[in-house]
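To keep things clear, I will list the structure first and then write my remarks on it.
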Amino acid sequence: MTLLILGGTGEARRIAQALAGTDAIVSLAGATRAPDPLPLPTRIGGFGGAEGFRAYVAKENITAVLDATHPFADRITRRTARICADLNLPYLQMLRPGWTAEQGDNWTEIAREEEAAAHIPMGTVVFLGTGRQTLDRFANLTGRDVICRQIDPPDGAFPFKGGRFLVGRPPFSVADEMQLFSALGVTHLVVKNAGGAASRTKLTAANHLDIPVLMIARPMSGDWQRVDSVDAALAWVRAL
1 MTLLILGGTG
11 EARRIAQALA
21 GTDAIVSLAG
31 ATRAPDPLPL
41 PTRIGGFGGA
51 EGFRAYVAKE
61 NITAVLDATH
71 PFADRITRRT
81 ARICADLNLP
91 YLQMLRPGWT
101 AEQGDNWTEI
111 AREEEAAAHI
121 PMGTVVFLGT
131 GRQTLDRFAN
141 LTGRDVICRQ
151 IDPPDGAFPF
161 KGGRFLVGRP
171 PFSVADEMQL
181 FSALGVTHLV
191 VKNAGGAASR
201 TKLTAANHLD
211 IPVLMIARPM
221 SGDWQRVDSV
231 DAALAWVRAL
């Protein structure tokens, strides 16, 4: 059996660590330039679309696919699930639970990035914890001071006027986030509902500082097999 793990999340890293020494390959999309090494053979970069993925699966004799990509990697997940079904390959999505509001949270759920502007007054300071890949969808936030945090130094200028990048590599503690938000004068936080305890620190910081949060809802999930924990994903692998 050769297992293909589609990674890029903390859960994928934990799965790879647990499966060290087994016949498995990790694939990373390449969103981070210098990812920390994994204890399994690792490829970085896209497959070249659906046909490229099919060719890779055949070339490497992949017998099962564990999708532990980001909860918002919807296009990759749907394509992978469809191809695995076509090829009769076992497929599992490891999808961590989304965040839910707690006492004191001031969240407004939105469906798309473009909707954030309707909830954020002009002249405010907006912290985007959404990553750079969908940054252009916030172009209607002109008139606000927009700060986008990303792991790697930017390749070019900010895609619209009034924005700037902030480079930082997680993890960030609640105290780190509170200090940062206070220093920047952040008035609004925009995040995707990615879930996970490690990333929730910015939400806890916003709660403590009474900063309103615009929460981008997750894409609708398909009807493929999924679990919501690393332990359950490992149990699936061991039962193959």
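Per my numbering, residue 1 is the first one in the sequence shown, and the count goes up by one each step.
Glycine residues also receive a C-beta, built at the ideal position from the N, C-alpha and C atoms.
So who's on the other strand from Cys148, going by DSSP bridges?
-> Leu128 and Phe165
For Asn61, count neighbouring C-beta atoms within 10 Å of its own C-beta (all shown protein chains included) and say buried if the count is 16 or more, exposed if not.
-> exposed
Candidates Leu92, Phe127 and Thr108: closest to Arg238 by CA position | Leu92
For Ala55, the first and last residue of its enclosing alpha helix (DSSP H) | Gly49 to Lys59
Relative to the C-alpha of Ser182, which residue among Glu115, Arg226, Phe127 and Ala233 is closest?
-> Phe127
Measuring alpha carbon to alpha carbon, tell me which of Gly21, Pro121, Ile83 and Ala73 ends up nearest Gly30.
-> Ala73
Could you spell out where the alpha helix (DSSP H) holding Arg79 opens and where it closes?
-> Asp74 to Leu87
Under a Cβ-count criterion, where at least 16 other Cβ atoms within 10 Å of its own Cβ denotes burial, should Asn106 be classed as buried or exposed?
-> exposed
Flag this pair as yes or no: are the beta carbons of Leu209 and Pro90 separated by less than 8 Å?
-> no
Decide if the stretch 27 to 45 is in contact with the stretch 2 to 19; the criterion is three or more beta carbon pairs, one per stretch, under 8 Å apart.
-> yes
Considering Asp23, what are the terminal residues of the alpha helix (DSSP H) in which it resides?
-> Neither: Asp23 is in no alpha helix (DSSP H) and is coded neither H nor E.
Assign Lys192 to one of two classes, buried (16 or more other C-beta atoms within 10 Å of its C-beta) or exposed (fewer than that).
-> buried
Backbone CA spacing between Ala20 and Gly48 [nearest angstrom] = 27 Å
Which class does Leu4 belong to by DSSP, given the choice of helix, strand or coil?
-> strand
Leaving aside the five residues before and after Pro219 along the sequence, list all residues of the same chain whose C-beta is less than 7 Å from its C-beta, in chain order.
-> Phe72 and Asp74
The alpha helix (DSSP H) spanning Ala233 covers which residue range?
-> Val230 to Arg238
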